[in-house]
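K.L.:
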Amino acid sequence: MSDLRSPLARARGLGSARDGLHHWWAQRLTAIALIPLVVWFAISLVMLSGADYDIARAWIGSPLVMVLLILTIAVGLHHGQLGLQVVIEDYVHGDGWKLALIVAVRFVAVIFGLAAIVAILRIGFGG
Amino acid sequence: MSVANRPVHRPLSPHLQVYRPQLTSVLSILHRATGIALSVGAIYLATWVIYAAASPKAYALFQGFNTSIAGRIVLGGWLFCAFYHLCNGIRHLFWDAGYGFELKDAYRSGWIVVAVSLIATAVSWVVGLRLV
Chain P
5 MSDLRSPLAR
15 ARGLGSARDG
25 LHHWWAQRLT
35 AIALIPLVVW
45 FAISLVMLSG
55 ADYDIARAWI
65 GSPLVMVLLI
75 LTIAVGLHHG
85 QLGLQVVIED
95 YVHGDGWKLA
105 LIVAVRFVAV
115 IFGLAAIVAI
125 LRIGFGG
Chain S
26 MSVANRPVHR
36 PLSPHLQVYR
46 PQLTSVLSIL
56 HRATGIALSV
66 GAIYLATWVI
76 YAAASPKAYA
86 LFQGFNTSIA
96 GRIVLGGWLF
106 CAFYHLCNGI
116 RHLFWDAGYG
126 FELKDAYRSG
136 WIVVAVSLIA
146 TAVSWVVGLR
156 LV
C-alpha cells in the first residue's frame, strides 16, 4: 500500500490540486477558535433564553458581546461551510449536483453571515 | 501482470448496512449529524440578530416561537448538538495531533465525550429552565 494512486494517475503525474491542505488547516483553525466562542455562546444562550426585545438588544449591542458574537457567527458559518463541503463531497456523486450544492452552501453562509454582522452593528451603533 | 493492469487496493469505507454499530462508528456519524444540525442552527442564530435589529414586532414573533414547546425542543437540541460536537471536536483535534489512536484510548475518550456532553446538556437545560 505504498502508493494509493492508480497507475493512470501516476502516469499523468498531476496529483492533487494542492489546496486540500488549506481546507484541512482552515477547518482545524476555525475549530480551535470556536472552542471558547461556543462555550461562551452556549452559556449566554441559557442565560438569555426568553429575553425580551430590550434586554436582547442591550446584550447584543454591548461592545464585548458585539465582537464575540460577530466572531461566533462568522467563524461558525465558515467552519460549518467547510464541514458541509466535505459531507457533500462524500455523499453527492453527480458532479453537477455536487458543485451546485457546494456553491449554494457557500452563498447562503456568506449572505446570512453578512446580514447578521450588519444587524449586530446596527443594534450596537443605534440604527 | 504488468504494473499498469494491476488493481489498486485502496482502503474501503465501512458499509453501514452490513456493519455492526459500535461506539466509535456511532460517535463518528453523530459528529457529522450534529455538524449539519449546527450549520442550520448558525443560520437560525443569524436570523435571531436580524430580527432583533428589524423591529420589536418581528423580534416578538421570533421569540414567540423560541418560548413555545417546539422552540424549547429546538434550543435544547441545539445545546446538545453544540456540546457534543464541541467535545468530540476536541477529541478529533487530539487525533490530528497524533494522540489517542489506540483502540482502548479511542473508546475511553469516546465515553468521556458522551458523559461530558450529556452532563453539560443536562446542566444547561436545568439552569435554562429555572431562569425562564
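Chains as they are written, first to last, in the working numbering: chain P, 5 to 131; chain S, 26 to 157. Quick reminder that beta carbons are idealized off the backbone N, C-alpha and C, glycines included.
#1: If the cut is a Cβ gap below 8 angstroms, which residues of chain P does Phe108 of chain S touch?
#2: Just to confirm the assignment, what range does the alpha helix (DSSP H) spanning Val99 of chain S have?
#3: Mind pulling the chain P residues with CB within less than 7 angstroms of Arg45 of chain S?
#4: Ile127 of chain P versus chain S: which residues are under 7 angstroms apart at the beta carbon?
#5: Would a check of beta-carbon distances place Tyr84 of chain S closer than 7 angstroms to chain P?
#6: Please compile the residues from chain S whose C-beta is within a distance smaller than 8 angstroms of the C-beta of Leu72 of chain P.
#7: Which full runs of the alpha helix (DSSP H) of 4+ residues lie inside the region 59-104 of chain P, going along the chain?
#8: Measuring CB to CB, does Ile77 of chain P end up less than 7 angstroms from Gly117 of chain P?
#9: Where are the alpha helix (DSSP H) runs, 4 residues long or more, that stay fully inside the region 8-47 of chain P, in chain order?
#10: Can you check whether the C-beta of Ile124 of chain P is within less than 7 angstroms of a C-beta belonging to chain S?
#11: For a contact meaning CB atoms closer than 9 angstroms, what does Gln87 of chain P contact in chain S?
#12: Locate the alpha helix (DSSP H) running through Arg57 of chain S, then write down its first and last residues.
P.N.:
Here's the rundown:
#1: Ala46
#2: Ile94 to Asp121
#3: Residues of chain P passing the Cβ test: none, with the nearest at roughly 21 angstroms.
#4: Ala77 and Ala78
#5: yes
#6: Residues of chain S passing the Cβ test: none, with the nearest at roughly 12 angstroms.
#7: 67-95
#8: yes
#9: 11-16
#10: yes
#11: Residue identity check: residue 87 of chain P is Gly in the sequence provided, not Gln. Residues of chain S passing the Cβ test: Arg57, Gly60, Ile61, Leu63 and Ser64.
#12: Leu48 to Ala79
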